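**Q** Residue numbers (my numbering), protein chains in the order written: chain A, 107 to 220; chain B, 784 to 896.
For glycine and all other residues, C-beta sits at the position ideal for the given N, C-alpha and C.
Being a predicted model, the structure only gives us computed values, none of them experimental.
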């Protein structure tokens with residue numbers, strides 16, 4: 107079974123631009139979560155989607171948004187990019203059934219904002 | 784507030800020795816805990832998990848211990864190998880409608896040959 111895939115793997119943008127990152131979960135997984143990883147802040151939860159609905163959101167400004175499609179694929183968008191948005195963005199998927207809630211991560215998208 | 788923290792940011796062990804990585808959590812409502820391993824350039828990889836109704840769980844060369852009294856989690860790696868060198872994160876799942884996972888700061892494990 108294929109793992110979680112994320113595209114693109116690397117991205118360079120300039121301040122003020124916007125960016126869209128894509129995540130394809132493991133087949134059959136309906137829960138998709140997004141995380142931001144930076145050396146200073148570690149792994150921070152952005153949001154979680156299940157059946158096209160955002161169920162949870164972390165403490166990030168409204169510039170960070172996401173969505174999930176009917177096939178469980180998810181995208182996240184960051185508008186008006188700032189230098190501090192440079193990070194590794196990780197997507198994770200889960201079955202989210204009782205006793206089957208382990209999240210499996212993709213390789214991440216490394217975003218550099220200049 | 785909610786947090787999962789690590790006592791030691793860096794751990795260096797000799798190949799063949801056992802490694803112990805510790806973690807403290809503060810959210811008593813969490814019922815599921817996970818250890819992840821992250822190698823350079825890769826996403827976190829699931830190692831082992833444990834539920835709050837257990838205090839110990841064993842996998843292949845790894846054991847996770849949970850002490851709910853003091854809100855402490857540990858990962859033990861037996862016969863540590865060079866391939867174990869990575870950053871290890873503990874994490875807890877918090878149920879709030881859906882769930883969100885709170886990660887610790889991470890511990891970097893160095894294995895000396």
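Looking at residue 831/B and residue 818/B, is the spacing between their C-beta atoms short of 8 Å?
**A** Cβ distance < 8 Å, so residue 818/B and residue 831/B count as in contact.
**Q** Taking the alpha-carbon of residue 196/A as reference, which of 862/B, 893/B and 825/B has the nearest alpha-carbon?
**A** Ranking 862/B, 893/B and 825/B by Cα distance to residue 196/A puts 825/B first.
**Q** Between the alpha carbons of residue 851/B and residue 810/B, how many angstroms are there, rounded?
**A** Their Cα atoms are separated by approximately 10 Å.
**Q** Going by beta carbon distance, what residues of the same chain come within less than 7 Å of residue 187/A, once the five residues before and after it are set aside?
**A** Only 119, 121, 122, 123, 124, 125 and 219 meet the Cβ criterion.
**Q** Tell me the rounded alpha-carbon separation between residue 166/A and residue 836/B.
**A** Roughly 33 Å between the two C-alpha positions.
**Q** Using a Cβ-Cβ cut-off of less than 7 Å, give me the residues of the region 122–133 of chain A that come near chain B, in sequence order.
**A** Cβ contacts with chain B: none found.
**Q** Kindly list, in the order they appear in chain B, the residues whose Cβ is closer than 7 Å to that of residue 166/A.
**A** The contacting residues do not exist; residue 166/A stays about 12 Å from chain B at best.
**Q** Taking residue 823/B as the reference, which of 870/B, 893/B, 885/B and 896/B has the closest Cα?
**A** Checking every option, the nearest Cα to that of residue 823/B belongs to 870/B.
**Q** Alpha carbon to alpha carbon, what distance is there between residue 212/A and residue 115/A?
**A** C-alpha separation (whole angstroms): 10 Å.
**Q** If the criterion is Cβ atoms closer than 8 Å, does the pair residue 113/A and residue 133/A meet it?
**A** No, Cβ-Cβ distance for residue 113/A and residue 133/A is not below 8 Å.
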